[in-house]
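Here's the structure we're looking at; comments come further down.
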Amino acid sequence: PSPPAIVATPRPVALADIAGALLVRGTPVKGAVDVLGTDELASTPRRGAGFTAGGARIRLERGGALRVDTLVHLLRGSAFFEGSVTVVTKHGQISGTSFGVDVDDRRARVAALAGPARLSTDKGDATLKAGFVASLRATEKPSGGARGDVESLLAWRLRPELSPNPARTPYVEREPGGNRRPPGLVIAAPYADAEEASEAVARAVAERLDAPLVLARHYRAPAAGLWINVDRAMEATVGPDGTPGATEFTARSRKASADYFDQLREAAGAGRGPVPLVVQARLHYDKDLPHAEAAFAGIPKAAVARLKALYPALLDKHAPAVRVDMKFQGVDPVRHAEEDPRIEGYMAPRQARAAACFFLPAAAADGYGPVLADLIEALYRR
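Each step along the sequence shown adds one to the number in our numbering, with nothing skipped, and position 346 is 362.
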């Protein structure tokens with residue numbers, strides 16, 4: 017009789033230190049997970065991903081995909097590699113310890129950050145020095161490339177979302193969106209980490225509307241004596257118990273706000289002009305305030321009244337877990353009228369032609385993304 021066939025069992029590869037938005041076979045994963053060489057690992061169109069595999073740290077830019085076995089197979093997009101690793105693309109192979117690869121249908125562009133990278137195709141091999149950039153094509157012998165601004169080309173790898181233990185330093189990040197409907201809209205969460213649920217709401221709105229998202233992080237850290245209002249160019253003193261006190265304009269707060277406003281304009285494609293419409297998601301801390309509130313600038317009172325009339329129907333439609341009333345500035349009295357941002361902030365006419373800010377109780381934030389998204393679309397139909 018014939019001997020039994022020997023079937024090789026694929027050896028799983030352990031992924032650890034996962035950060036950002038990593039999909040394995042289309043499913044989001046966090047923590048540690050084992051994958052097979054046939055599994056596609058991908059980042060989402062809005063968020064990159066980082067992880068450790070086989071002793072190498074891999075950062076995958078937004079919209080990228082790869083497979084991992086004894087080698088890394090970069091299928092599409094951009095990735096950065098640290099540690100001894102060999103990367104295979106349809107255009108050729110790259111080996112090194114600190115390099116980035118961007119692959120498309122025409123070529124693979126390789127940028128060596130530190131140490132040389134070895135480039136190989138069926139036509140031959142070449143060495144790429146640190147600080148050099150080269151294109152790799154299957155039909156050509158590789159070259160030693162040319163000196164390039166490698167640090168700038170690979171700056172995306174430093175985004176805190178790609179690190180499992182990012183430094184808690186203030187920064188503003190922008191996630192892209194198609195922004196096809198409605199045009200010129202930017203969704204923002206100016207205190208994404210201090211008001212964690214506000215980021216979840218803002219992200220849900222941005223994804224539903226396919227709009228860009230701007231997040232400011234770590235500008236409110238009372239333990240570190242930091243309390244900067246990035247949406248209004250002001251800074252508060254912080255008491256020994258972490259309670260914010262008197263506010264004032266400082267060089268630091270003006271710089272933080274300028275960076276935030278620049279990201280809003282970039283996201284909206286507004287150049288140096290005002291953003292067509294910026295919508296902020298916020299949480300409020302008034303213990304005795306049982307309702308949500310919405311503040312507006314540059315939006316006619318009649319349009320606000322229509323939003324107020326629409327709101328109960330949207331609660332019925334989307335049925336959030338906690339149902340709260342909402343007060344609409346212009347037709348209702350509100351506590352959060354955003355006076356300072358109208359003068360020296362994101363609601364000032366030089367910063368935005370129109371603006372809205374939705375303040376939600378923390379307990380009611382979950383499930384309100386679809387409600388706010390429909391309210392925003394109604395604004396554009398006014």
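Where is the CB? At the ideal position from N, CA and C, for every residue including glycine.
All figures in this text were calculated on a predicted structure; none of them were measured in a lab.
{"Item": "Taking the continuous beta strand (DSSP E) assigned at E459, which residues delimit it?", "Value": "One cannot answer for residue 459 here, as it falls past the ends of the chain, which runs 17 to 398."}
{"Item": "Name the DSSP bridge partner or partners of T400?", "Value": "It is not possible to answer for residue 400, since the shown part of the chain is limited to 17 through 398."}
{"Item": "Give the single residue among P28, V166, R27, G47 whose Cα lies nearest to the Cα of A35.", "Value": "G47"}
{"Item": "Please determine if the region 196-205 and the region 288-296 are in contact, where contact requires at least 3 C-beta pairs separated by less than 8 angstroms.", "Value": "yes"}
{"Item": "Using DSSP with H/G/I as helix, E/B as strand and the rest coil, what is Q296?", "Value": "strand"}
{"Item": "Roughly how many angstroms lie between the CA atoms of S100 and V188, to the nearest whole one?", "Value": "32 angstroms"}
{"Item": "Put S168 into one of helix, strand or coil per three-state DSSP.", "Value": "helix"}
{"Item": "Cα separation between D341 and H107?", "Value": "58 angstroms"}
{"Item": "Leaving out the 5 sequence neighbours to the left and right, which residues in its chain are closer than 7 angstroms to R270 when beta-carbon positions are compared?", "Value": "A249"}
{"Item": "At which residue ranges does the region 326-393 contain complete beta strand (DSSP E) runs of 3 or more residues, listed in the order of the chain?", "Value": "342-344, 371-377"}
{"Item": "Do E212 and A205 have their C-beta atoms closer together than 7 angstroms?", "Value": "no"}
{"Item": "Based on the DSSP secondary-structure assignment, which residues constitute the bridge partners of T141?", "Value": "Per the sequence presented here, residue 141 reads as Asp, with Thr not at that position. Its beta-bridge partners are S136."}
{"Item": "With a threshold of 6 angstroms on Cβ separation, who are the neighbours of G194 within its own chain once the five nearest residues in sequence on each side are excluded?", "Value": "D226"}
{"Item": "When DSSP labels each residue in this structure, what does S111 get in the three-state scheme?", "Value": "strand"}
{"Item": "By Cβ distance, which residues of its chain are closer than 8 angstroms to P180, with the 5 residues on each side in sequence left out?", "Value": "D33, I34, A35, G66"}
{"Item": "Exposed or buried, which one is E264 when buried takes at least 16 other CB atoms within 10 Å?", "Value": "exposed"}
{"Item": "For the region 250-262 and the region 326-344, state whether three or more C-beta atom pairs, one from each stretch, are separated by less than 8 angstroms.", "Value": "no"}
{"Item": "Among P186, R224, E223, P192, which one has its Cα closest to the Cα of A208?", "Value": "P186"}
{"Item": "Between which two residues does the beta strand (DSSP E) containing R36 stretch?", "Value": "Here the sequence assigns Gly to residue 36, which means Arg is not the residue at that position. 29-36 is the extent of the beta strand (DSSP E) around G36."}
{"Item": "Which residue or residues does DSSP assign as beta-bridge partners of A236?", "Value": "The question names Ala, but residue 236 in the sequence shown is Arg. For R236, which the question treats as bridged, DSSP gives the partners W243."}
{"Item": "According to the neighbour-count rule (16 or more other Cβ atoms, all chains shown, within 10 Å of its Cβ), is A154 buried or exposed?", "Value": "exposed"}
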